[in-house]
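Asks: All the letters of the sequence shown, read from the start, carry residue numbers -20 to -1, 1 to 698 under mature numbering (1 follows the signal peptide of the UniProt record, and there is no 0).
Beta carbons are placed, not taken as given, at the ideal position from N, Cα and C, and that holds for glycine.
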Amino acid sequence: MPRVSIALAGFIGLSLTAAADDLIPIQTDSTTLLFRVDGKKELHQLYLGEKSKAPTTAPEKPKEDPAYPGGGGIFIGDPAVRARHADGGTSTELRYVSHETKETAPGDTLTRIQLKDGHYPFFVDLYFRAHAKEEVIEQWTEIRHEEDKPVLLQNFASASLTFRQNELWLTHYHGEWANEMNPVEEKLTPGSKLIDNKYGVMGTQYVGAHFLLGIDGKPRENEGTVLAASLAWSGNFAFNFERMDGGVTRVNAGMNPYASERVLAPKEPFQTPHLIYTLSTTGKGEAARRFHRWARQFGVRDGAKPQLVINNNWEATGFDFDEKKIIEIMKGSKDLGAEIFLLDDGWFGNGKHARLADNAGLGDWEPNKDRLPNGLKPFTDAGKEAGIQFGIWVEPEMVNVRSDLYEKHPDWIITAPGRDLHFRRNQLVLDMTRPEVQEHAFNCIDKTLQSAPDTTYVKWDCNRYITQPGSSYLNAGLQSHLWIDYVRGLYKVMDQVAKKYPNVTFMVCSGGGGRVDYGSLSRFQQFWPSDNTDPVRRISMQWDYAQFFPATAISAHATHWGKRPLKFVFDVAMSARLGMDLDPRHLSDEDRAIAKQAIELYKTRLRPIVQFGELYRLESPYETKRPSTSYVTADKSQAVVFAWQTGDDSNSPDHPLKLQGLDPAKTYHLEEVNVKPGASSTLEANGKDLTGKQLAEEGLKLPLAKNLESVVILLTAK
C-alpha cells in the first residue's frame, strides 16, 4: 500500500485555503464525499452518496456534522481524536487550515485536509486517496503537535463518517478457531454499538476487521445502498457505531484505543492505518466486486499475478516425517498436478529441543539433524528434478520455553512482571517492539531461504494471541505503546522480507483466519481463511470472505476434513485459490483420478477466470440448500458457475439458476466440466448454446437434488 511520505512530496505548492461555505470534494467515478468549511473554520461532512446527486453549493442551513470531532470540547459524542495536552488540558477543537489535492494516476487523487486546534499547536491531517475506476476510497490521519512537552493521545480514529438515514443495518463478523467469519446482521438503534478486538495478534479469527452498513435497510446482494469497509491493520481495532439524538449516526473506525494511550513527543508524527471503503447503490455484490478490483491493483501484493496450486504435507504426516518421506510426497504431489509443495511444521529444532510436538523448538530455526540431516536443500533439488517448487512453514513471532532461544533470551517474550507465564498451544509471544527480536524474526526467514535458495513459497504462521501484555524493552511510561508498536515492528520485518525476496510468494496464516486484513495482504499474496477445510463450511465462509477479498488471495484446499466426496471437495476448492492437503501415497485410484482431473482443469481453463474474473454470488448458503456462485471475465467472453447441494432437496432441479454478469447479446456455449471420471454429464444444457439474456431471464436447470452433489459449468462466448 503506498506510503504517505511519498504522497506528501507531491503536495508542495498545491495548498489551497477554503473560504466559508467552500466545498471540498473527494470523488470516484460515481461517489462523492463532500466536506464544508463554515464561518468558524470548522470542517463538516456535508454529503456521502451518489456523485450525480451531490450538492454543488452549501445549503442555507447545513447540518452540523463535524468531519473529525475532538474530545473535551463542544462535541459530546464519541470523539475521533482525544488528547491530554502538555499543560494538562483535555479539550481539543479542530479548525480548518488548508487543503491540497494531487492526481496520483489518471482519475485517481490524493487529498490532504489540514486541521489545527484553535488554542494548542496540535495538528491533524486527514488523508483521502480516491480510486476513481475502482470506486474505492482509502482514508487515514496523521497527528502531530508542537507543544513544549509530550501530549497523551487517547483516541485516534482513521476515519469518522456520519449518516443521517433513518434505517441503518450493520453486518459484522465473528468466529473462533475452525469457525471464522460468521456474519451478524442487526439494525442500529439509539446508543453505541462497539465492534472491537483486544487480542493483539490473530484477532480476525474472533472479530472481523470489516463491516457492511446498509444505508436504506438490510444489505441485499443486488440492490440497495451499502457501505463496505475494511481496516488495513493487523492489531487491535475498534469500530464504534453511535446513533445519536437527531437521527445522526457516527462511525469511528481505526486502531483500538483500549490500553493504547500514546505518548507523542513534539513534532513526532503519528499515522493511523487506512480504512478502505466503497459505497455501492446496487447492493453488496457490487461492493464486493469493487473491493476485488481495488485489491488486485493496490491492496494485495502481486494481486494481478496468477497464484499456483500447492500441496501441504501437514494432514499427511503431522510431525512424523523425514527427508525420504517428504521427497516421496513431493513427487506424488507433482504427479497429481501440484505446482508447489509446502513443508509445514516440524522441520526444525535439535537435541532436547527437537520439534517432535508443539511444545518444543519454536525459535530455533535450524533444520532438525535427525530428520533432515542434509537440511532443506535436498527438497529444492528434488523439486527441480521432479518439476515442482518448494515452500516452507515458519512462525517467527513465537517461542517455546523448550528452545535454545528462550534459554538465551527469556526477556524477549511478552509477559506481565510478577505473573506466571501463560501459554497457548504451549508457546509464548516474542516482543516485536524490541529491535533484537525484529532482527531474529528477519533472520529466521532469511537464513531459511538462504539455505535453500530455490524456495519459492513461505507460509508465515502465528498461533496464539497476546495475554498479560508487558514489554521489558519499553520503559514503564510507554507500556501502553506495546499493542501498536508490536504491529509496527512486525510490518517492518515483513517489509524487509518482501524487499529482499520479491519473487517468493507468502501466505499469511494465524491459527487459521486470525490475520485476514489488508495490512498483512499489502505484504503477502494469500491468506489462510481457516483450519476448517470441510467444504460445506468453506462454502459459507468463503462467501463472506469474498465480500472484501478477491479469490486470488483466498486459499482453498482440498482435504479429507468432513469426509466429503472428493469431487465435491474440489468443486468447492476450485472456486478460490486452489490447493491441497492430501497424501498422494494413500489416495484410492478413484480419488487420484478425481484430483488429477480437477487440478489440470483448474490450471488450464479455470484459473484466470476464477482468480481475475468478476464475482457474482447467485444463491446464498444462508437462504438455500443449493448455494452457487460464478465468475465472469472482464470482457464477458468466459464465465464459470459453481453450484453445490448442501442438503437433500428433490425440488432443486425444478428451480432454474439465473445467471448474472453475462453480456445479454452474446451467445455462450455451455460445458459441464469436472464431471466425475467415468461418468457423463447430466446437465440438460450441456453442449448447448444460449444467450446471456436467456441465461439471466430463464436460467439453468441443474442436476442437483442429493446432499453433496455439485456441478461446475464453463461458459464460452461464440
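Which partner residues does A536 have in the DSSP bridge list?
Replies: L558
Asks: To which residues of the same chain is K129 closer than 7 Å at the C-beta, ignoring the five residues directly before and after it?
Replies: A66
Asks: Inspect the beta-carbon positions of F507 and A533 and report whether they are closer than 8 Å.
Replies: yes
Asks: Compute every distance between the C-beta of N406 and the non-hydrogen atoms of the ligand NAP, then say whether any falls below 7 Å.
Replies: The ligand NAP is absent from the structure shown, which contains no ligand whatsoever.
Asks: With G263 as the anchor, note down where its alpha helix (DSSP H) starts and where it stops.
Replies: G263 to W274
Asks: By Cβ distance, which residues of its chain are closer than 8 Å to I307, with the 5 residues on each side in sequence left out?
Replies: Within the same chain, I307 has close Cβ partners P358, F359 and A362.
Asks: Rounded to whole angstroms, what's the CA-CA distance from Q369 to N291? Just pull it up for me.
Replies: 10 Å
Asks: Output the boundary residues of the beta strand (DSSP E) element that contains Q255.
Replies: The question names Gln, but residue 255 is Leu in the sequence shown. Run containing L255: L255 to S260, per the beta strand (DSSP E) assignment.
Asks: Cutting at 8 Å between CB atoms, please list the residues of its own chain near H154, excluding the five before and the five after it.
Replies: N162, V164, Y186, V187 and G188
Asks: Measuring alpha carbon to alpha carbon, tell me which residue in A209, T435 and E222 is nearest H152.
Replies: Looking at the Cα atoms, A209 is the closest of the given residues.
Asks: Are three or more beta carbon pairs between the segment 397 to 405 and the segment 440 to 458 nearer than 8 Å?
Replies: yes
Asks: How is the alpha helix (DSSP H) around H420 delimited, first residue to last?
Replies: P415 to S431
Asks: Compute the distance between the beta-carbons of P86 and E126, then report whether it is under 8 Å.
Replies: No.
Asks: Hey, could you find the ends of the beta strand (DSSP E) D669 is sitting in?
Replies: D669 to T671
Asks: Let me check one thing: in DSSP terms, what residues is K167 bridge-paired to?
Replies: W149
Asks: Given this structure, state the Cα-to-Cα distance separating D105 from M182, to the nearest angstrom.
Replies: 30 Å
Asks: Quick one: Cα of L255 to Cα of A47, how far?
Replies: When rounded, the distance between both Cα atoms is 15 Å.
Asks: Excluding the 5 residues preceding and the 5 following G542 in the sequence, name in chain order all residues of the same chain whose CB lies nearer than 6 Å to its CB.
Replies: D514
Asks: So what does DSSP say about D105, is it helix, strand or coil?
Replies: strand
Asks: Span of the alpha helix (DSSP H) holding Y525?
Replies: P515 to Y525
Asks: In this structure, how does DSSP classify F504 when only helix, strand and coil are distinguished?
Replies: coil
Asks: What residue does the alpha helix (DSSP H) around F143 start on, and which one ends it?
Replies: That residue, F143, is in no alpha helix (DSSP H); its beta strand (DSSP E) goes A139 to F143.
Asks: Leaving out the 5 sequence neighbours to the left and right, which residues in its chain are closer than 8 Å to G53 when beta-carbon positions are compared?
Replies: S71, T72 and E73
Asks: Distance, Cα to Cα, R557 vs W327?
Replies: 26 Å
Asks: Across which residues does DSSP place R62 in a beta bridge pair?
Replies: N135
Asks: For the segment 453 to 463 against the segment 408 to 422, are there 3 or more C-beta pairs whose distance is under 8 Å?
Replies: The count of Cβ pairs closer than 8 Å, one atom from the segment 453 to 463 and one from the segment 408 to 422, reaches three, so the stretches are in contact.
Asks: Terminal residues of the continuous alpha helix (DSSP H) containing I306?
Replies: E303 to L316
Asks: Consult DSSP for Y611 and reduce its assignment to one of helix, strand or coil.
Replies: strand
Asks: One question on the structure: do P657 and I574 come within less than 8 Å of each other, judged by their Cβ atoms?
Replies: Their beta carbons are under 8 Å apart, which means P657 touches I574 by this criterion.
Asks: Would you kindly work out how many angstroms separate the C-alpha atoms of K681 and I195, rounded to a whole number?
Replies: If you take the alpha carbons of K681 and I195, they lie about 35 Å apart.
Asks: Which value, in whole angstroms, describes the spacing of the CA atoms of R270 and P347?
Replies: 44 Å
Asks: Can you tell me which of the three DSSP states V181 falls into?
Replies: coil
Asks: For the alpha helix (DSSP H) that W294 lies in, which residues bound it at each end?
Replies: W294 to T297
Asks: If you draw a straight line from the C-alpha of N354 to the C-alpha of V231, how long is it?
Replies: 56 Å
Asks: Count the other CB atoms, across all protein chains shown, that sit within 10 Å of the CB of N380; report buried if there are 16 or more and exposed otherwise.
Replies: A residue is called buried once 16 or more other Cβ atoms fall within 10 Å of its Cβ, and N380 is buried on that count.
Asks: Measuring alpha carbon to alpha carbon, tell me which of G559, A697, E678 and Q674 ends up nearest V620.
Replies: A697
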